[in-house]
Every structure is written in C-alpha cells, then in structure tokens.
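A.B. asks:
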Amino acid sequence: MRLNIGAVVCFCVFGIAVGEDPYRFFNWNVTYGDIYPLGVRQQGILINGQFPGPDIHSVTNDNLIINVFNSLDQPFLLSWNGVQQRRNSYEDGVFGTTCPIPPGGNFTYILQVKDQIGSFYYFPSLGFHKAAGGFGGIRILSRPRIPVPFDDPAGDYTVLIGDWYKSNHTDLQAQLDSGRKLPFADGILINGRGPNGASFNVEQGKTYRLRISNVGLENSLNFRIQNHKMKLVEVEGTHTLQTTYSSLDVHVGQSYSVLVTADQPAHDYYIVVSTRFTSTVLTTTGILRYSNSAGQVSGPIPGGPTIQVDWSLNQARSIRTNLTASGPRPNPQGSYHYGMINTTRTILLSSSAGQVNGKQRYAINSVSYVAPDTPLKLADYFKIPGVFRVGSISDRPTGGGIYLDTSVMQTDYRTFVEIVFQNDEDIIQSYHLDGYSFFVVGMDGGQWTTASRNQYNLRDAVSRCTTQVYPKSWTAIYVALDNVGMWNLRSEFWARQYLGQQFYMRVYTTSTSLRDEYPVPKNALLCGKASGRHTRPL
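Heads up: the sequence shown begins at 1 in UniProt numbering, then just goes up one per residue.
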C-alpha cells in the first residue's frame with residue numbers, strides 16, 4: 001500500500017493522542033467517469049471507480065488513514081459530515097481549514113472517530129462537486145464491550161438518498177457564477193440510481209438496519225417502505241427512543257438509522273423517496289426484495305406527506321434521546337445533564353436572500369461569505385494578516401441589506417452557548433455545524449423570543465450535527481464549545497452555501513497545549529498566503 005511521507009510523520013505526532021487504538025487504511029483515487037443515474041450521460045465523480053463511493057466501516061476510536069489521489073482536472077476536497085475532528089479542524093476538509101488537493105496530487109487525511117458511534121457520510125466540499133457524486137457512507141460501530149440497545153441486525157445497509165440534476169456539475173456551477181438561481185431538481189436517487197435501480201435483499205422474519213442519509217443538494221425527502229414499519233434507533237451518533245414510523249422525513253445533510261423487519265408475505269415491496277414542501281413532488285422508488293419472493297412489486301406506490309409542515313414538526317419533536325442506552329463510552333448517554341447547565345451566550349442567526357452587484361447571493365445576519373485565497377485556519381496558525389477579521393459577523397441579525405465579507409465569529413473554548421436559527425423565509429432550511437454535536441432543544445413557528453425557552457426540552461433532546469428550520473419558524477440548539485478550532489456553520493442547501501450562506505466559528509483559547517488543539521499537520525498542503533511557510537519541525 002502506498003503512503004506518503006507526510007502521513008508517516010503524522011503517525012508519530014498523533015501517537016501521543018491516539019495510543020494503541022486500531023488503524024484502518026484507505027487508498028482512494030478520485031476520477032471522472034460517465035454515469036447515467038437518470039438515463040442521461042453525465043460526468044460523475046467516482047472514488048475507486050465507484051458511484052457512490054465506498055463505505056467507510058469503523059469502530060469507536062479507530063484511526064482512519066485515508067490517502068486521496070486527485071485525478072481530476074480541478075482542485076478537490078473531501079469533508080466528513082458529522083465526524084468530529086477533535087482538536088484538529090485542519091482535517092475537516094472544507095476550504096476554510098484545508099487547502100485543496102491539486103490536480104494530480106494527493107493528501108492523506110488522518111482522522112480519529114474519537115468517542116463516536118453512528119451513521120454519517122462524506123462528500124466533496126469544494127465548488128459544486130457534490131452535484132457530481134464523490135459521496136459515500138460512514139458507519140462507526142460501538143466497541144464490543146459497549147452494549148447497544150437492540151439486537152444485532154441480520155444485515156446493515158447504507159441508503160444514500162438525494163435530489164439530482166441531469167446537468168453536469170460544471171454547468172450548474174456556471175449558472176450560479178453568472179448570478180442565476182438553480183432550477184428545480186430533475187429527479188431523486190437512491191444509492192446513485194433512479195427509479196427501481198436500487199434494491200435491498202432481506203430474508204423473511206429477519207430484521208435489518210438501514211442507515212439513511214440525505215446527501216442531496218436542496219430538498220427535504222420523505223422515506224417509506226410499502227407495507228413495512230420503521231423503528232428509529234439512532235440519529236447522527238445518538239441512540240434514540242425506539243419510536244415506530246410509517247414514513248420518515250430526512251432533511252438535507254441528516255442521517256438516521258432505522259430497523260425494518262421483513263414480516264410481510266414474501267414478495268417484493270416498493271421503497272419510496274419523495275420531496276417534501278414542494279409544489280411539484282418528485283418521487284423515486286427502490287425495491288425491498290425478499291429472498292423467497294413470490295412476485296414482483298405490485299399495487300400503487302404508497303403515498304406520503306407532501307407540504308404538511310405540522311406533520312413534520314411533530315415528528316421532529318418525537319425524536320428524543322434514549323437516556324438508558326450507552327454511547328461510545330460505558331457511561332449512559334443521559335449522564336450529561338445539558339438542561340442543568342447555564343448558557344453564557346445566545347447567538348441569533350437569520351438567513352436572507354437577495355442581489356449583490358446584480359447577482360444572486362445568500363447570507364446569515366446580512367453577511368454573504370466570500371472565501372479568501374488562504375484557508376482561515378492556516379492564516380490563524382501562521383498569524384497571516386489581512387485574510388479575515390474576528391467579529392466580521394454579528395451574533396444578532398442586523399436588519400440591513402446583504403453585503404460581502406469573510407465572516408468569522410469569535411467564541412470561547414469551554415463555554416456553553418445557545419444558538420437560535422430564525423427562519424423568516426417561506427422555505428424550509430437545514431443547517432450543519434462541523435466539529436460538533438448539539439442538542440436540539442426546541443423548534444416552533446413564528447418569531448423566537450426569550451419566552452420561547454419555556455417550551456425547551458431540557459431532559460432528552462436529541463444530540464445531532466444537522467437540524468432543520470421550518471418556514472417562518474425557529475429552531476434552538478445548545479452546544480458545548482469543547483473543540484478548539486475553526487469550524488464551518490453552513491446551510492446544507494448547496495447553492496445557498498456556495499453563494500454565501502455560511503460562516504466560520506472560531507473556538508478560541510490562548511492555550512497551546514496538545515490537550516486542547518493539535519498543531520498544523522506536517523503533511524498539510526499550503527496555499528494562498530500560506531504558501532512557502534514551514535510546518536513544525538520534525
């Protein structure tokens with residue numbers, strides 16, 4: 001197996017932190033290739049020739065050594081949706097922290113899934129590559145001695161769902177660069193395939209785990225299986241109360257694990273995915289195929305909710321933490337009493353859309369993010385002036401028009417903060433915070449006020465890394481800022497993210513201890529104003 005010298009150096013440096021935890025090695029080659037998910041030839045992004053890319057299978061505390069060769073004609077980055085890079089935002093794989101892999105080059109990501117379990121995914125974060133593929137599932141199993149609150153399933157499937165365009169990603173990006181909005185998507189994919197292209201084999205009487213992630217660009221999706229119920233057991237690393245649903249809303253960027261028992265007469269059944277909150281409803285199907293099937297799928301495709309917000313809101317409120325289950329460590333998940341900790345700061349975030357210099361832009365608290373030529377984290381490390389300024393975004397909506405800036409918000413290490421997403425627009429939104437899981441303590445319609453705290457769930461709110469905000473509504477989260485670094489908070493609607501609806505949260509401490517933050521990796525790629533600098537000595 002090939003491994004670059006920088007990675008070997010990093011093994012030595014990180015040995016202090018990771019000890020004897022197992023290593024898993026991956027060699028990935030990223031290429032273009034022809035794909036036909038909706039029956040039209042497109043230029044897809046493949047990993048080792050696969051679309052979608054290969055799954056990452058790991059166990060709590062494993063060290064993942066992922067050597068990525070970029071065989072594209074463009075710079076490339078991979079990010080790890082929900083995998084928390086403890087003390088190490090340099091490996092986050094977004095342009096605010098990491099220089100892109102140049103065409104013909106390679107970079108070795110060194111990740112540790114420290115104290116994590118659950119279902120996540122990776123994706124290409126640069127430009128509009130996400131619209132071409134390059135994504136895949138990540139599963140982190142519990143260590144053998146840690147009990148899991150359900151029996152081992154007979155099978156474990158990754159189910160990547162998402163909206164899709166027939167246009168190449170370069171054409172979609174060109175539309176955005178010209179100042180135009182994207183049109184409505186052309187279809188829905190299940191594991192990179194169109195209608196009836198994806199199938200999952202089951203045996204009658206057995207129970208299976210489905211890890212469902214919405215890797216799409218914009219649309220919330222409803223997932224259901226003809227004549228079958230789904231028992232929710234895990235959300236982005238949190239074991240949940242085991243509630244049974246006939247269908248499940250999966251918003252952009254979110255991941256869920258459900259158990260499905262093959263308890264129906266033995267034939268094939270539709271798996272259905274359809275858009276939510278859209279006037280035109282896109283639907284696609286896959287197949288749940290019994291091993292002793294007596295016939296193909298039949299009957300009408302089961303319908304699901306379409307534009308009903310209250311139905312989805314009530315379902316979201318019903319998703320709660322299983323306080324009796326263990327997490328990645330032996331202590332119970334519920335032993336962290338977040339509801340008894342006083343918050344030290346409230347950050348209120350509001351999105352907006354509008355024109356800047358005649359082009360479509362999106363913003364948070366009126367600031368539309370513009371990426372500099374140097375990753376913010378490298379500029380911070382090397383103390384390079386003129387790349388960003390702390391406080392370039394307010395922690396309250398300004399009420400003014402949209403303007404361009406490299407928005408960075410200062411926060412302090414080891415504080416416990418409240419973040420409120422206020423959505424005054426008439427579309428649903430979805431937000432993700434890299435490097436963290438947070439408690440979704442409340443959501444409701446209308447304007448958030450301090451009185452809204454009276455309805456917060458301060459006992460068993462689900463902990464996750466991506467949350468939806470319904471139209472003309474608010475969502476409140478609590479987050480313990482215990483991970484030093486530069487972390488991306490963004491819209492998961494990829495056109496909005498690309499056109500500015502994101503910023504970086506600088507979780508800061510004056511400490512230079514390795515216990516708080518790792519130094520820049522020896523194999524770090526350097527670009528922009530960081531080019532020619534030297535990382536730490538051997």
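All residues carry an ideal CB built from backbone N, CA and C; glycine is no exception.
Please classify A174 as buried or exposed, where buried requires at least 16 other C-beta atoms within 10 Å of its C-beta.
C.D. replies: exposed
A.B. asks: Cβ of R209 within 7 Å of Cβ of D156?
C.D. replies: yes
A.B. asks: What residues in its chain sit with their C-beta under 8 Å from that of I39, if we drop five residues either side in the sequence?
C.D. replies: At residue 39 the sequence reads Gly, which differs from the Ile that was named. Hits under 8 Å: G194.
A.B. asks: So L378 is in the alpha helix (DSSP H); what residue range does that whole segment cover?
C.D. replies: Unbroken alpha helix (DSSP H) run through L378: 376–382.
A.B. asks: Can you list, in chain order, the residues of its chain whose CB lies under 7 Å from that of M486, leaving out five sequence neighbours each side?
C.D. replies: S89, G96, T97, L376, K377, D380, Y504, R506
A.B. asks: Check whether the Cβ of S293 sits closer than 6 Å to any heavy atom of the ligand FMN, and report yes or no.
C.D. replies: Judged by which ligands are present, the structure shown has none, so any question about the ligand FMN falls away.
A.B. asks: Could you please give the first and the last residue of the uninterrupted alpha helix (DSSP H) stretch that includes N314?
C.D. replies: 309–318
A.B. asks: Does G299 get closer than 7 Å to chain D when you measure Cβ to Cβ?
C.D. replies: Going by chain labels, chain D is absent from the structure shown, which holds only one protein chain.
A.B. asks: Starting from R490, trace the alpha helix (DSSP H) both ways and give me its first and last residue.
C.D. replies: Not the alpha helix (DSSP H): R490 falls in the beta strand (DSSP E), residues 485–491.
A.B. asks: Got a sec, what are the start and stop residues for the beta strand (DSSP E) G362 sits in?
C.D. replies: The residue asked about is misnamed: residue 362 is Tyr in this sequence, not Gly. From DSSP, the beta strand (DSSP E) with Y362 extends over 359–364.
A.B. asks: Give the straight-line distance between the Cα atoms of R87 and R533, rounded to the nearest whole angstrom.
C.D. replies: 22 Å
A.B. asks: Under a Cβ-count criterion, where at least 16 other Cβ atoms within 10 Å of its own Cβ denotes burial, should R2 be classed as buried or exposed?
C.D. replies: Residue placement at R2 is poorly supported in this model, since its pLDDT is 37, which falls under 50; the coordinates still yield a value, given next. When all chains shown are included, R2 counts as exposed.
A.B. asks: Express the C-alpha separation of T108 and Y338 in angstroms, rounding to a whole number.
C.D. replies: 36 Å
A.B. asks: Straight-line CA distance for T244 to L232?
C.D. replies: 6 Å
A.B. asks: Rounded to the nearest angstrom, what separates E20 and G400 at their Cα positions?
C.D. replies: 53 Å
A.B. asks: Please state whether the Cβ-Cβ distance between K529 and T374 is less than 7 Å.
C.D. replies: Yes. Within cutoff.
A.B. asks: By a C-beta neighbour count over all protein chains shown, 10 Å radius and 16 as the cutoff for buried, is F69 buried or exposed?
C.D. replies: buried
A.B. asks: At which residue ranges does the UniProt domain "Plastocyanin-like" (156–293) contain complete alpha helix (DSSP H) runs of 4 or more residues, listed in the order of the chain?
C.D. replies: 169–177
A.B. asks: How would you call A451, buried or exposed, if buried means at least 16 neighbouring beta carbons within 10 angstroms?
C.D. replies: exposed
A.B. asks: Evaluate L414 with the Cβ neighbour count: other Cβ atoms within 10 Å of its Cβ, from every protein chain shown; 16 or more gives buried, anything less gives exposed.
C.D. replies: Just to set this straight, residue 414 is Arg in the shown sequence, not Leu. Answer is exposed; the Cβ neighbour count stays below 16.
A.B. asks: Using only alpha-carbon positions, find the residue among S255, S394, R320, L526 that is nearest to A363.
C.D. replies: S394
A.B. asks: Among W28, E218, V387, which has the Cα closest to the Cα of P52?
C.D. replies: W28
A.B. asks: CA-CA distance, V113 and R317?
C.D. replies: 28 Å
A.B. asks: Is it buried or exposed for Y431, if we count other Cβ within 10 angstroms and need 16 for buried?
C.D. replies: Buried, by the Cβ-count rule.
A.B. asks: Please confirm whether I213 and R276 have their CB atoms less than 7 Å apart.
C.D. replies: Strictly speaking, residue 213 in this sequence is Ser, with Ile absent from that position. Not in contact: S213 and R276 (Cβ atoms no closer than 7 Å).
A.B. asks: Quick one: residues in its chain with C-beta nearer than 6 Å to the C-beta of G6, no 5 flanking neighbours on either side, listed in chain order?
C.D. replies: With a pLDDT of only 41 at G6, under 50, the local geometry of the prediction cannot be trusted, and the value read off the model is given with reservation. Taken in chain order, the residues that qualify are K522, N523.
A.B. asks: Could you pull out every unbroken beta strand (DSSP E) segment of at least 3 residues lying fully inside the UniProt domain "Plastocyanin-like" (30–143), listed in chain order?
C.D. replies: 42–47, 56–59, 63–70, 78–81, 106–112, 118–124, 136–141
A.B. asks: Considering just the uninterrupted stretch of the alpha helix (DSSP H) at W494, what are its terminal residues?
C.D. replies: 494–498
A.B. asks: If I'm right that C99 touches L526 with Cβ under 8 Å, what's the distance once you round it to whole angstroms?
C.D. replies: 6 Å
A.B. asks: What is the C-beta distance between V479 and V417, in whole angstroms, given that I count them as a contact (C-beta under 8 Å)?
C.D. replies: 6 Å
A.B. asks: Within the continuous beta strand (DSSP E) that includes R345, where are the two ends?
C.D. replies: 345–356
A.B. asks: Assuming G445 is part of the beta strand (DSSP E), what are its boundary residues?
C.D. replies: 438–445
A.B. asks: Using the DSSP secondary-structure output, state which residues sit across from H337 in a beta bridge.
C.D. replies: Note: H337 sits in no beta bridge, so no partner.
A.B. asks: Specify the secondary structure class of Q455 as computed by DSSP and reduced to three states.
C.D. replies: helix
A.B. asks: Starting from E418 and walking both ways along the beta strand (DSSP E), at which residues does that stretch end?
C.D. replies: 415–423
A.B. asks: How many Å lie between D152 and L141 at the Cα?
C.D. replies: 11 Å
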